[in-house]
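Down below is the structure, laid out as structure tokens.
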Amino acid sequence: MSYRSKPAYSHDYSTPYDQHPAARYILLACVFVLLSASSAAAPDLLPSGRRPAQTAVRDNDANWTSPYWIGSGRYFPNIANFLQLHDPALALYRENVTRRAVIEFFAGHTGDEVMALTIAHHADQYDIPLTLAFTVAFIESSYRTNVVNFNERSIDRGLFQLNNRTFPHLSEEDFFHIDTNARYAMGHLRYTLDRAGGDYRTAIAIYNAGEGRVLAGLTPPSTQLYVQRASAYREQLLRSFRAHIERHFPPGPVDIAGV
35 MSYRSKPAYS HDYSTPYDQH PAARYILLAC VFVLLSASSA AAPDLLPSGR
85 RPAQTAVRDN DANWTSPYWI GSGRYFPNIA NFLQLHDPAL ALYRENVTRR
135 AVIEFFAGHT GDEVMALTIA HHADQYDIPL TLAFTVAFIE SSYRTNVVNF
185 NERSIDRGLF QLNNRTFPHL SEEDFFHIDT NARYAMGHLR YTLDRAGGDY
235 RTAIAIYNAG EGRVLAGLTP PSTQLYVQRA SAYREQLLRS FRAHIERHFP
285 PGPVDIAGV
């Protein structure tokens, strides 16, 4: 190995601290103390005067990070803004920080976390409000996957009671497969919502009785009762959901309008 010789014109740039290592360590220690004191005396504030979002420890999960946590307490005023939506569940499901709490809520109602995850996933894919998706599952089958209902000329099967005349290509096994049933149900519910111009009451009436009779103004009395039951259950879900999220993510003593 060869070494490059020191040029004749080089200058010795060593300082008294190089010549006395102990002095260098004393200087570094003084700088560290000054920086620590400065950091403690002047917290990092945003131009608006608010603290930036910080890492929050939720339950016992030290790796859990919330971009919604503001101030010195565990408060979530930004999530309170989501709760002002008519149906905030889908929006909060799409947020990483709140998704777990959303699934916990619906799993508590279905009694099955896999079912809750499956319904939420396909509702998200078709942009279906979660409380509407879970309402239809409850009204149709009470969250049971093995229900069969024999009509005069058709059969409804599975979690969302898919009709064999509406889905003639599905096999017997498909109707009772939770993922397949939920996927086709959410696709069909998306269709009924679009046909109803976004009105969920008309949409679930179509889901129950068929497009022809409902859009012709001939909704059967049984379907009208179905819509009433579904609407009442959905409103109950919405109230319970908001309370659940507020328990997990308290808005705290913060003026939301000023955040």
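With my numbering applied, the sequence shown corresponds to residues 35 to 293, in that order.
A virtual CB, placed ideally from N, CA and C, is assigned to each residue, including glycine.
Please report the residue range of the beta strand (DSSP E) in which residue i lies.
i           : result
residue 183 : 182-184
Hey, quick one: how far does the alpha helix (DSSP H) through residue i stretch, first residue to last?
i           : result
residue 128 : Run containing residue 128: none; DSSP gives neither H nor E here.
residue 255 : 255-282
residue 221 : 212-229
residue 204 : Where residue 204 is concerned, there is no enclosing alpha helix (DSSP H), given that its DSSP letter is neither H nor E.
residue 150 : 147-159
I'd like to confirm the pairing. Which residues does DSSP put opposite residue i in its beta bridges?
i           : result
residue 196 : 191
Just to confirm, is the Cβ distance from residue i to residue j under 9 Å?
i           : j           : result
residue 272 : residue 121 : yes
residue 220 : residue 179 : no
residue 218 : residue 201 : yes
residue 212 : residue 227 : no
residue 172 : residue 143 : yes
residue 225 : residue 170 : no
residue 126 : residue 163 : no
residue 229 : residue 237 : yes
residue 259 : residue 223 : no
residue 243 : residue 257 : yes
residue 245 : residue 114 : no
residue 151 : residue 135 : no
residue 254 : residue 247 : yes
residue 278 : residue 139 : yes
residue 234 : residue 276 : no
Which of helix, strand or coil does DSSP assign to residue i?
i           : result
residue 244 : coil
residue 178 : coil
residue 162 : coil
residue 249 : helix
residue 285 : coil
residue 232 : coil
residue 143 : helix
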